[in-house]
Amino acid sequence: TLFTGCLSISALDGLVAQDFGGLNAVITSPNATEVPQFPHISGRRIVIRHDGMWGPQEYSRWPQQYHPDLIHHACIPRAPVTDSTGPGPCIWTPLSLEQFYAPEDTWPRGYGHVVAHVYKELEHEATLAIACFTQTDGPPSRKTHGNFLVNILLHAVERLEKVPSSFLQALVLVGQIQRIVLELSRLHTYLRVVRPRLLDPQIRSSEPLPLCGVFLNSHADAQEFFRVGIPFWLIQTYSPHIVIREVVQSA
3 TLFTGCLSIS
13 ALDGLVAQDF
23 GGLNAVITSP
33 NATEVPQFPH
43 ISGRRIVIRH
53 DGMWGPQEYS
63 RWPQQYHPDL
73 IHHACIPRAP
83 VTDSTGPGPC
93 IWTPLSLEQF
103 YAPEDTWPRG
113 YGHVVAHVYK
123 ELEHEATLAI
133 ACFTQTDGPP
143 SRKTHGNFLV
153 NILLHAVERL
163 EKVPSSFLQA
173 LVLVGQIQRI
183 VLELSRLHTY
193 LRVVRPRLLD
203 PQIRSSEPLP
213 LCGVFLNSHA
223 DAQEFFRVGI
233 PFWLIQTYSP
243 HIVIREVVQS
253 A
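For the sequence shown, our numbering begins at 3 and goes up steadily by one.
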């Protein structure tokens, strides 16, 4: 049975906790109120779901296991941004059949385009994400990765506008645009907000940032992420010394 205490919570403790596969391991988080499903890869396959996304393996929507080269993956916003900075609601909304138009005179039959307002919304969000990223300074390796994403995004938006496709092809292409807009957005957030915090040893965040977060298996990484306010879930061996406030099920 996990120990439930009323002591102060450190980086290695849990406001919430969950058993991790019955292996005497637990997932704990000191700065989140729920534990998301861990992104296991069933049969070592990642498949596109009915919404054009990859389910729990969808790195643009769901917390993934941490890799230092992809730290910006932890920096995705949790929900649509309501101000002019984006990304807005259309980046979280899967394409529906009502948003796809296939003219009778198009060949192959059933091929068409997304309706105009959907294209315009996606094109606006792509333009905004590219502008925010290109105006942000950062180390060459991060900028190179971002520039690669910019090229992929520009090509995807052009295909969405000009190349007729089936609804399923359009669904996947819209999903790709949404995914890259979110990755550029979180790369911008990492360079502008998170990286300066990591480089400043005086920073002590009192509240977590409104980010998607990440799964960790390093106590040292957990301490650093807790310091700067990145939400995380630490996979660690259970010990009665871990202070746990609440045991929860996967969100």
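Heads up, the beta-carbon is just placed ideally off N, CA and C, and yes, glycines get one too.
Distance, residue j Cα to residue i Cα
{"i": "arginine 51", "j": "glycine 140", "result": "34 Å"}
{"i": "phenylalanine 40", "j": "valine 18", "result": "15 Å"}
{"i": "valine 183", "j": "arginine 197", "result": "20 Å"}
{"i": "proline 142", "j": "threonine 108", "result": "45 Å"}
{"i": "leucine 99", "j": "valine 120", "result": "12 Å"}
{"i": "proline 242", "j": "isoleucine 11", "result": "14 Å"}
{"i": "glutamine 67", "j": "alanine 27", "result": "16 Å"}
{"i": "histidine 42", "j": "leucine 218", "result": "14 Å"}
{"i": "glutamine 238", "j": "alanine 104", "result": "52 Å"}
{"i": "cysteine 134", "j": "histidine 190", "result": "7 Å"}
{"i": "tryptophan 94", "j": "leucine 211", "result": "19 Å"}
{"i": "valine 195", "j": "glutamate 106", "result": "50 Å"}
{"i": "alanine 222", "j": "aspartate 71", "result": "17 Å"}
Beta carbon of residue i nearer than 8 Å to that of residue j
{"i": "alanine 76", "j": "isoleucine 232", "result": "yes"}
{"i": "tryptophan 235", "j": "proline 58", "result": "no"}
{"i": "aspartate 15", "j": "valine 245", "result": "yes"}
{"i": "leucine 200", "j": "glutamate 226", "result": "yes"}
{"i": "proline 89", "j": "leucine 213", "result": "no"}
{"i": "alanine 34", "j": "alanine 224", "result": "no"}
{"i": "arginine 188", "j": "histidine 69", "result": "no"}
{"i": "alanine 128", "j": "isoleucine 205", "result": "no"}
{"i": "threonine 138", "j": "leucine 193", "result": "yes"}
{"i": "methionine 55", "j": "glycine 215", "result": "no"}
{"i": "leucine 155", "j": "leucine 186", "result": "yes"}
{"i": "serine 220", "j": "valine 37", "result": "no"}
{"i": "proline 32", "j": "phenylalanine 228", "result": "yes"}
{"i": "valine 159", "j": "leucine 124", "result": "yes"}
{"i": "serine 208", "j": "valine 230", "result": "no"}
Coarse secondary structure for residue i, derived from DSSP in three states
{"i": "serine 187", "result": "helix"}
{"i": "isoleucine 50", "result": "coil"}
{"i": "phenylalanine 217", "result": "strand"}
{"i": "tyrosine 121", "result": "helix"}
{"i": "leucine 156", "result": "helix"}
{"i": "leucine 236", "result": "strand"}
{"i": "isoleucine 11", "result": "coil"}
{"i": "glutamine 20", "result": "strand"}
{"i": "phenylalanine 102", "result": "strand"}
{"i": "threonine 138", "result": "coil"}
{"i": "serine 167", "result": "strand"}
{"i": "serine 241", "result": "coil"}
{"i": "threonine 108", "result": "coil"}
{"i": "alanine 172", "result": "helix"}
{"i": "histidine 115", "result": "strand"}
{"i": "alanine 34", "result": "coil"}
{"i": "valine 249", "result": "strand"}
{"i": "isoleucine 29", "result": "strand"}
Residue i: CB within 7 Å of a non-hydrogen atom of the ligand GTP
{"i": "leucine 156", "result": "The ligand GTP is not part of this structure, which contains no ligands at all."}
Beta carbon proximity, residue i to chain B, threshold 8 Å
{"i": "valine 195", "result": "Here chain B cannot be found, since the structure has a single protein chain."}
Rounded Cβ spacing between residue i and residue j (contact assumed at less than 8 Å)
{"i": "serine 62", "j": "arginine 161", "result": "Rounded, the Cβ-Cβ distance is 19 Å, inconsistent with contact."}
{"i": "proline 96", "j": "aspartate 53", "result": "4 Å"}
Exercise. Given 8 Å as the limit, is there contact between the region 115–125 and the region 164–181, that is, 3 or more CB pairs closer than that?
Worked result: Yes, they touch.
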